[in-house]
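Worksheet: one structure, shown below.
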Amino acid sequence: MKRKLVITAAILLVTCGLSACAGSGNAKKTGGSGDVNADTEKKVSKKVSKKDRVLSEAVGAEEKVKSAKVETKFFVKHTSGDHDNTVSYRTETEYTEKPVTLKSNAAIRFQEGARDNKYILYYDGKDLYNTTMIGLSQGRSYRQAIDSAQSNYRFIVQNPNIARDYLKVMSDNKVRFDLKEESGEYALVFRVPENPSERLKKELLEVLGRDDATAKRLYSTDLKNVSFTNATFNVHVDRKTYEPKSFGLEMTTVVASASGRKFTTLHSFDGKYYNVNKVESQKMPSRVDEVLK
């Protein structure tokens, strides 16, 4: 009887051992299958959509722009109740980034219906050289430290390629966009949601606030007081090189004050690129009058 019990126990041990081995083998196979699925998922995740690829190439090409000629039109209109004021710029700018040099033929209009104020502005990364049309007849420019110059002049000479900054904001914040193909170009059209994230709102207002002093002052408020409507940005790039060809922006912001008063600002601009990375450094005027403040 004891012998039978021993034999039975041995059989059970062998059977359980085989089952354990089989279970171990199955677990290993299952793990292997899981690894295969994981690899498949990795391969799928590595597939980049055409839209994302074009955006990545466009951002990369923008970063490589170190000189260009850019023609732009800017328009900013502030409205509060029955009052409004505007400022507009038309610029034809040639610039280099290394070294920093810039020459801009600029026309600034401080109210709709008013005459343009025309200037030739030079910038070397430190000083602004301002030649008015009256001064031009005398062959002289006025040199002034950039930090002391009017905000309108600073905006023009310090933001020759402001479209790059908007494109980076859109890309970094993963703003949804439509991709179109037309005439050898890709058109990327971004639409800012009415309730953007705090980060997107903050970064957009920082760039928008460069347009003029009033905008900068308005956007220094708490982010929750600012809302966006009809906010779009577009950039057209070459289908082969992805170099920027043109850009445009249309954004309306509404800032609510503590008293309930609302300030509406329309930002609108468009521009075109020429001679990308083919512009030579600009020579600063040799005959200048110093402006201390």
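Residue numbers (mature numbering (1 follows the signal peptide of the UniProt record, and there is no 0)): -22 to -1, 1 to 271. For each residue, glycine too, the CB sits at the ideal point set by N, CA and C. The structure displayed is predicted, hence computed values, not measured ones.
For residue i, the three-state DSSP class (helix, strand or coil)
i           : result
residue 31  : helix
residue 104 : coil
residue 248 : strand
residue 25  : coil
residue 4   : For residue 4, the predicted structure reports a pLDDT of 46, less than 50, and the residue's modelled location is therefore unreliable. A value from the coordinates is still provided. Looking at residue 4 - three-state DSSP - the assignment turns out to be helix.
residue 180 : helix
residue 163 : strand
residue 228 : strand
For residue j and residue i, the rounded distance between their alpha carbons
i           : j           : result
residue 120 : residue 84  : 15 Å
residue 81  : residue 25  : 44 Å
residue 125 : residue 137 : 14 Å
residue 222 : residue 244 : 24 Å
residue 195 : residue 32  : 36 Å
residue 230 : residue 57  : 11 Å
residue 187 : residue 193 : 5 Å
residue 59  : residue 180 : 26 Å
residue 135 : residue 102 : 9 Å
residue 248 : residue 139 : 11 Å
residue 110 : residue 256 : 28 Å
residue 264 : residue 224 : 34 Å
residue 75  : residue 152 : 27 Å
residue 143 : residue 185 : 7 Å
residue 262 : residue 100 : 6 Å
residue 69  : residue 92  : 17 Å
residue 162 : residue 220 : 10 Å
residue 164 : residue 212 : 10 Å
Residue i: first and last residue of the uninterrupted beta strand (DSSP E) it sits in
i           : result
residue 330 : Here the chain covers residues -22 to 271 and nothing more, so residue 330 does not appear.
residue 199 : Counting along the chain, residue 199 falls outside any beta strand (DSSP E), and DSSP gives it neither H nor E.
residue 88  : Premise fails: residue 88 is in no beta strand (DSSP E) and is neither H nor E.
residue 122 : 119 to 123
residue 268 : 266 to 268
residue 47  : 45 to 58
residue 68  : 61 to 74
N- and C-terminal bounds of the alpha helix (DSSP H) containing residue i
i           : result
residue 149 : 140 to 150
residue 219 : Unbroken run through residue 219: none, as it is neither H nor E.
residue 130 : 129 to 136
Nearest to residue i (by Cα), restricted to the options the options
i           : options               : result
residue 254 : 64, 178, 43 and 210   : 43
residue 210 : 226, 200 and 198      : 226
residue 234 : 143, 197, 203 and 96  : 203
residue 175 : 38, 268 and 205       : 205
residue 98  : 104, 89 and 108       : 108
residue 173 : 158, 199, 208 and 150 : 208
residue 131 : 146, 159, 96 and 150  : 96
Residues near residue i in its chain [Cβ-Cβ closer than 7 Å; skip 5 each side]
i           : result
residue 127 : 106
residue 191 : 129
residue 268 : 121
Cβ shell of residue i (< 8 Å), same chain only, five flanking positions each side left out
i           : result
residue 155 : 29, 33, 148, 166, 167, 168 and 169
residue 19  : At residue 19, the pLDDT of 47 sits below 50, so the modelled position is not reliable and the matter cannot be decided from this model.
residue 189 : 52, 54, 65, 133 and 245
residue 240 : 58, 232, 233 and 234
Near the ligand ADP: residue i beta-carbon under 7 Å from a heavy atom
i          : result
residue 43 : This structure lacks the ligand ADP; in fact it carries no ligand of any kind.
Contact set for residue i: own chain, Cβ-Cβ below 6 Å, skip 5 residues either direction
i           : result
residue 61  : none
residue -4  : In this prediction, residue -4 has a pLDDT of 45, which is less than 50 and means its spatial position is unreliable; nothing more can be read from the coordinates.
residue 252 : 47
residue 67  : 52 and 86
residue 71  : 48, 82 and 138
residue 183 : 197
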